[in-house]
Amino acid sequence: MLSDQFFTVNYSLTIVSSIVGLTLCLITITIIITHRRCRNLTNILSCNTCTAVALYFIFRIVASIYGLRQDWQSHQPACIFRAYCSLALCAILCFSHSIQATSRLFFVVFYKHKYLVTWRSHLIMIIVSWIVSVIISIKPLFYQHGFELEIESRSCVVTPKIVSLSMYTLLIIFIIPLNVVTVFGGVIVYYVRKSSRRIAAIASNVTENAAPAPVPVVRFYRKRELKLVKNLMIQSTIISCGGILYLILVIWHATQKQSPPESFYLLALNLITIFTAFMMIALFLLNKQVKEVALNYVFRHR
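Structure (structure tokens):
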């Protein structure tokens, strides 16, 4: 049986991580909404990510507060609802990264199809991702104990003890969306480098006066797109790291008869929260426009 001190330390860490991440979410959303130069498609998609993350952190704070109570086992209001919402928000978060990768693919590869690079198309992708996330997160409701109060973690979750359901959760909600980022990112990198070589070859064949002009344009284009893809890959990698212990638990239950250490259950949830906070820190620091506005505000009021 795990000690109360173990839960106190872990849930306190969850609350601190959630507050840090929630603060960065609200700062990012506020800056994007209130500053005209920050209102572009890339930042709007980041705003979508921040919205999902902010709501997720709120649910994690609530879960942590209930987990710290002495009567945690008998007092868990709206347990199934909170578990469902947390799962749906995780799905929205992962799909938001897929949307960002899809957006970059539209701008780099399918830019000739003008309707794909419009505000309307991106808003449709956001709305569809929320609807799909809400729908695919319903499945555990049809399983007995699909959403339940997990004694080992004192949290309402999709327990890894039901292997088929937890594998569904990992595959549909985490693995597929985040792998879309990897695949689309690879396509974008390949296409950008291929296009850069082609344009450079054309530039070398034009007249001497016209030759220098395309070079800085090509370099800027390649550098910008590769940087955006790199930033997105960093964020997706951080999120993926957060789910490693949960994956280990699922594999353990699928292959071993002996139960895993009790501490793994809460640590698996904590890692997801902590790495989501790290992802928000990365999103904030890698967004040059938002970071500059925030730093200018801080130094102006010192």
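At the far end of the sequence shown sits residue 301, using numbering that gives the first Met the number 0, and the numbering has no gaps.
Beta carbons are placed, not taken as given, at the ideal position from N, Cα and C, and that holds for glycine.
Beta carbon of residue i nearer than 8 Å to that of residue j
i	j	result
Phe56	Leu25	no
Phe277	Ile237	yes
Leu268	Ser152	yes
Gly66	Phe109	no
Ile43	Ile14	no
Ser235	Val180	yes
Ala82	Val19	no
Ser165	Val249	yes
Ala90	Ile135	yes
Ile187	Val228	yes
Thr48	Leu282	yes
Tyr142	Ile161	yes
Residue i versus the options, residue with shortest Cα-Cα distance
i	options	result
Cys84	Ser73, Phe105 and Ala53	Ala53
Ser239	Ile250, Ile271 and Val249	Ile271
Phe183	Glu224, Arg35, Thr158 and Leu284	Glu224
Ser163	His252, Ile98, Ile135 and Tyr190	His252
Lys290	Thr101, Ile31 and Pro259	Ile31
Val191	Lys113, Phe106, Ile171 and His144	Phe106
Lys138	Leu282, Ser154 and Ile172	Ile172
Ser17	Leu1, Ile280 and Asp3	Ile280
Tyr10	Asn47, Leu265 and Phe80	Leu265
Gly241	Arg36, Phe274 and Lys287	Phe274
Those residues which DSSP pairs with residue i across a bridge
i	result
Cys155	Leu148
Exercise for review: Indicate whether the contact test is met: 3 or more Cβ pairs, each with one atom in the region 118–129 and one in the region 89–101, closer than 8 Å.
Suggested key: yes
Runs of alpha helix (DSSP H) lying entirely within the region 62–131, each at least 4 residues, in chain order: 78–107
Self-check item: Contact between the region 75–90 and the region 141–159 (3+ Cβ pairs under 8 Å)
Solution: yes
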